Every structure is written in structure tokens, then in C-alpha cells.
Amino acid sequence: MQSTRSFTDKIFLILKGLGMGAANKVPGVSGGVVAFVAGFYEEFIYSLKKVNSKAFKLLISGRFKSFYNYINGRFLSLLFFGMILSYFSVSKVLDYLIQHYQLFVWSVFFGMIIGSIYQINKDFKDWNAKTYTSLFLGAIIGLSISFLNPAKENDNLWFVFFCGIISVSGMTLPGFSGSFILILFGNYVLLLVDSVNALSLTLYEVFGGNFNFINNPERVKILKVLIVFTLGSIAGLVTFSHLLSYILKHYKSITLSTIIGFIIGSLGVVWPWKKTLFKKENNGDFILDSTGEKIIENYKRFIPELTPETYYAIAFIILGIAIVLMLELYGQKTRKTHA
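If you're matching positions, the sequence shown starts at 24 in the numbering used here and goes up one per residue.
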């Protein structure tokens, strides 16, 4: 399913990968929403579905070009390049912005999700008793998840592998935040903060000719955790893509209405006006991660008073909506070009 793309399209695809990667790391935001709104969700799912036994036979037999073409390699490689780049660039910027401008960052995401709901609903015409029921159930599940209490951190490798499988749900299932699920599992800091920081430091040392990390048991342990988490994520991507491609093919309307419900429910997670709750020990001291930052437990949501800050937040919500509308306009233009 290799499609002809211009140089500009390729750049935009990398940028979309950046967007997906950044969204996947932010608790409450789903990278799948980016794919859905930007108009490449189904191509993404069906391309991942191609990673099957036939693809592995092509790879093992040395038919690399056939393998690359079979899995829509140009599309996937550009998209994943953007995602990987995001984890060492955009996501770092987002970490800083959330730390210093949390209200406004959440406001932009809140607006983007509202815009996403509008865009998806605008194109969805098959409303009936079944799809309304799916919409309602999806919204209830999405909203309920946002109020669950987190578990304690667990670095058992089997559990880490399971976390990898679940965490990629946000890439394949719009409205279902994999990073927020990791908070609920207690492993968000371990898998998306500590392990990424350990990898960045290790790569920096290796490129500088320093291999002393091998003698650091704690670093080796966390890198092992990252490898297992990555393997779980790959397994989850392939598994979810096969499942979703099947239900999209046979139950498309119910699937899409459920996804809209998930996205509506995720508004509870990204509600801008909330206080961050941090984990504490029995003596009342905050629990810190390896970087010295307090570990997030959950959020306490509240209704804001009408202050200048609130009006600024509303302006950022409108900005988020505008971003989605502009993405949709570009997506329409792209689809017409390749039609």
C-alpha cells in the first residue's frame, strides 16, 4: 500500500509523528487522536496489520525491498522517526511547559480534544440505537478511568512487558491514553521518565566513548526494563492493529462511535483546572523519582473562578480547537491530492 507522497507530505508525516509521540507521553492525551484527526488513522492501523507472518518470511528470506513495500515501510518509517525524535525533543519541551505552565498546556489539549470530537462526529453519519449505546459506554469507560487510584511502582519484567502492551493503546485507540494508564499502573515515572533519561544519558556516554555504565547495576537494570517495555510495546502495536483492523472492517460504525465516546470521556482526564496530587510516604514526605522530581499520583479537579488567568486558559482552549481545524483542512487537501 505504498502511496506516492511529495517531499512536503513526508515532512508533514514526520511532524505528525512528532505530534503522536508528544501526545502519547502526556497523561490523558492519546496519540491515536492525532492520527484520527490528521486523517491517517486507518492507514496506520492497516499498515501495522501488515507486520505478520508473511512480512517476517520476506524479512528472513532477505527480500528486504519486498518486506519494506509490503508493510508500507515509507509511511511507517517516517511516522516512527517522528515519534522517536519526539521523545528526545518535543516531549522534553512538553515536560518543561507542563511543569511551568500546566494550566495553559492542559487548556490547549482540552481544546484539541473538543475539536477532535467535532471533526469526527461531523463525518460520522450512521447514528442509531447501537451506535448511541456504544458512544455512551465508551464515554462512561473513558470518564471512569480518569478517577481510578494509581497503584505502586512495579519493575517486575513480566509486568513491565504487560505495561508495554497496554501503553501503546493510546496510539491505536483514540481517546484511550496509554500514559495515563501507566500512571494508574504506578509505572509512568519508571517507564516514561527514568528509563528515557537513562537511555539519553547512556547514548551520550557511548558516543563519547564511555562504557562505564556497564558497571552500574542500577543503570543496567533500568535499561533492561526499557528493553522489555519496548518489546511489549511492539507486541501491543501488532496485536492491537490486527484486532482493530478486524473490527473496523466488520463493525466500523460501532467502533467509530465507541472511539468518539472514549474521546469524550478523556475530557475528564485533561480538564485544565486541576491540582496535581503527589505520592507521599507514611511520614508525609513526598516520594521523588531519580531526577528529584515528585512522583505524580493523580489530579483533583475543580471549577475555576472567573479570573484573568481563567480567561487566558479559555483563549488557549480556543487555540487548541483552531489547531485541530487547521489539521483537518490540511488533511482534506492531502486526501484530495492523492484521490
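Glycine included, every Cβ here is placed at the ideal spot set by N, Cα and C.
Being a predicted model, the structure only gives us computed values, none of them experimental.
Q | Supposed close pair S268, T154 - CB separation, criterion 8 Å | A | Indexing the sequence shown from 1 puts residue 268 at position 245. Indexing the sequence shown from 1 puts residue 154 at position 131. Actually they are not in contact, since the Cβ atoms of S268 and T154 sit about 20 Å apart, beyond 8 Å.
Is it the case that the Cβ atoms of L342 and V131 are separated by a distance below 7 Å? By 1-based counting over the sequence shown, the position of residue 342 is 319. By 1-based counting over the sequence shown, the position of residue 131 is 108. Less than 7 Å divides the Cβ of L342 from the Cβ of V131.
- Query: Buried or exposed: which applies to Q3, given that a residue is buried once 16 or more other Cβ atoms fall within 10 Å of its Cβ?
  - Reply: The question about residue 3 has no answer, for the chain in this structure spans 24 to 362.
Could you pull the start and end residues of the alpha helix (DSSP H) that F127 belongs to? Translated into the one-based positions of the sequence shown, residue 127 becomes position 104. Per DSSP, the unbroken alpha helix (DSSP H) holding F127 starts and ends at 125-146.
Among the residues of its own chain, which have a CB less than 6 Å from the CB of T333, if the five just before and after it don't count? Taking the sequence shown and counting its residues from 1, one reaches residue 333 at position 310. The residues are P327.
Between which two residues does the alpha helix (DSSP H) harbouring I277 extend? For the purposes of this step, residue 277 is identified with residue 254 of the sequence shown, where counting begins at 1. Taken as a continuous stretch (DSSP letters only), the alpha helix (DSSP H) holding I277 covers 275-288.
| If you run the structure through DSSP and keep just helix, strand and coil, what is F59? | Taking the sequence shown and counting its residues from 1, one reaches residue 59 at position 36. Three-state DSSP puts F59 in a helix.
Cα separation between F234 and L246?
Position 211 of the sequence shown, counting from 1, holds the residue named residue 234. Position 223 of the sequence shown, counting from 1, holds the residue named residue 246. Taking the straight line from one Cα to the other gives about 14 Å.
Checklist entry - Taking Cβ positions, are L99 and S76 nearer each other than 7 Å? => result Translated into the one-based positions of the sequence shown, residue 99 becomes position 76. Translated into the one-based positions of the sequence shown, residue 76 becomes position 53. No.
- Is it true that the region 245-265 meets the region 179-195, where meeting means three or more beta-carbon pairs spaced less than 8 Å apart? Short answer: they touch.
Exercise for review: Under 8 Å Cβ to Cβ from L160, same chain only, skipping five residues before and after it: list those, please.
Suggested key: As a working note, residue 160 is residue 137 in the sequence shown. These residues qualify, in order along the chain: T281, G284.
### Paired residues, beta bridge with F234 - DSSP
Looking up residue 234 in the sequence shown gives position 211. Paired residues: none, contrary to the question.
Subject >> Reduced DSSP secondary structure (H/G/I, E/B, other) of M24 >> reply: Stepping through the sequence shown from its first residue, residue 24 is reached at position 1. Residue confidence is low: M24 scores 48 on pLDDT, short of 50, so the model does not pin down where it sits. Its coordinate-derived value is still stated next. Reduced to three states, the DSSP call for M24 is coil.
Quiz item: What residue range is occupied by the uninterrupted alpha helix (DSSP H) comprising R97?
Solution: Within the sequence shown, the letter at position 74 stands for residue 97. For R97, the enclosing alpha helix (DSSP H) begins and ends at 96-110.
Original post:
Which same chain residues, not among the five before or five after M24, have their C-beta less than 6 Å away from its C-beta?
Top reply: Within the sequence shown, the letter at position 1 stands for residue 24. In this prediction, M24 has a pLDDT of 48, which is less than 50 and means its spatial position is unreliable; what the coordinates show is noted afterwards. Excluding positions up to five away in sequence, the list reads N95.
_Proximity to S139 [Cα-Cα], best of Y93, L101, K298, A58_ = Numbered from 1 along the sequence shown, position 116 holds the residue referred to as residue 139. Of the listed residues, the one whose Cα sits closest to S139 is A58.
query = Can you give the Cα-Cα distance for S276 and K145, rounded to whole angstroms?
reply = As a position in the sequence shown, residue 276 is number 253, starting the count at 1. As a position in the sequence shown, residue 145 is number 122, starting the count at 1. Computed Cα separation, rounded: 14 Å.
Margin query: Quick check on F30: does DSSP put it in helix, strand or coil?
Written below: Residue numbering aside, residue 30 sits at position 7 when the sequence shown is read from its first letter. Here DSSP, grouped into helix, strand and coil, assigns F30 to helix.
- Message: What does the Cβ neighbour count give for I83, buried or exposed, with the cut at 16 atoms within 10 Å?
- Response: Residue numbering aside, residue 83 sits at position 60 when the sequence shown is read from its first letter. It counts as exposed.
Look up R324 in the DSSP assignment and give the residues it is bridged to.
Here residue 324 refers to the residue found at position 301 when the sequence shown is read from its first residue. The partner list for R324 (beta bridge, DSSP) reads K297.
Quiz item: For the candidate residues T225, D32, W294, whose alpha-carbon lies nearest to that of V243?
Solution: Translated into the one-based positions of the sequence shown, residue 243 becomes position 220. From the listed residues T225, D32, W294, the smallest Cα separation to V243 is found for T225.
**Study point:** Beta-carbon proximity check, V191 vs V74, cutoff 7 Å
**Key:** Against the sequence shown, residue 191 aligns to sequence position 168. Against the sequence shown, residue 74 aligns to sequence position 51. The Cβ-Cβ distance between V191 and V74 does not fall below 7 Å.
**Asked** With 16 other CB atoms within 10 Å as the buried threshold, where does K298 fall?
**Response** On the sequence shown, position 275 is the one that residue 298 refers to. The residue in question, K298, is exposed, as its Cβ has fewer than 16 Cβ neighbours within 10 Å.
Do I189 and I204 have their CB atoms nearer than 7 Å? Counting from 1 along the sequence shown, the entry for residue 189 is found at position 166. Counting from 1 along the sequence shown, the entry for residue 204 is found at position 181. Pairing I189 with I204 gives a Cβ-Cβ distance under 7 Å.
Inter-residue spacing [alpha-carbon to alpha-carbon] between I257 and I34:
For the purposes of this step, residue 257 is identified with residue 234 of the sequence shown, where counting begins at 1. For the purposes of this step, residue 34 is identified with residue 11 of the sequence shown, where counting begins at 1. Rounded to whole angstroms, I257 to I34 spans 24 Å at the Cα level.
(request) Could you spell out where the alpha helix (DSSP H) holding N92 opens and where it closes? (result) By one-based count along the sequence shown, residue 92 stands at place 69. Counting along the chain, N92 sits inside the alpha helix (DSSP H) bounded by residues 87-93.
Original post:
Helix or strand or just coil, what does DSSP make of K247?
Top reply: The count along the sequence shown starts at 1 and reaches residue 247 at position 224. Annotated three-state conformation of K247 is helix, per DSSP.
- At what residues does the alpha helix (DSSP H) containing K77 begin and finish? To locate residue 77, count along the sequence shown from 1; it is residue 54. Bounds of the alpha helix (DSSP H) holding K77 are 76-83.
### Query
Hey, L126 and A336: beta-carbon distance below 7 Å or not?
As a working mapping, residue 126 is identified with position 103 in the sequence shown. As a working mapping, residue 336 is identified with position 313 in the sequence shown. Yes, Cβ-Cβ distance for L126 and A336 is below 7 Å.
Q: Quick one: give me the first and last residue of the alpha helix (DSSP H) that S53 is part of.
A: As a working note, residue 53 is residue 30 in the sequence shown. In the DSSP annotation of this structure, S53 is not part of any alpha helix (DSSP H), being labelled neither H nor E.
For N47, which option in Y141, F133, M106, F87 has the closest C-alpha, if you only look at C-alpha atoms? Position 24 of the sequence shown holds residue 47. With distances taken between CA atoms, N47 lies nearest to M106 out of Y141, F133, M106, F87.
Notebook entry, point to check: Does the separation of the CB atoms of K72 and H273 fall below 7 Å?
Noted result: To locate residue 72, count along the sequence shown from 1; it is residue 49. To locate residue 273, count along the sequence shown from 1; it is residue 250. Inclusion of K72 and H273 in the CB contact set at 7 Å is not warranted, their separation being larger than that value.
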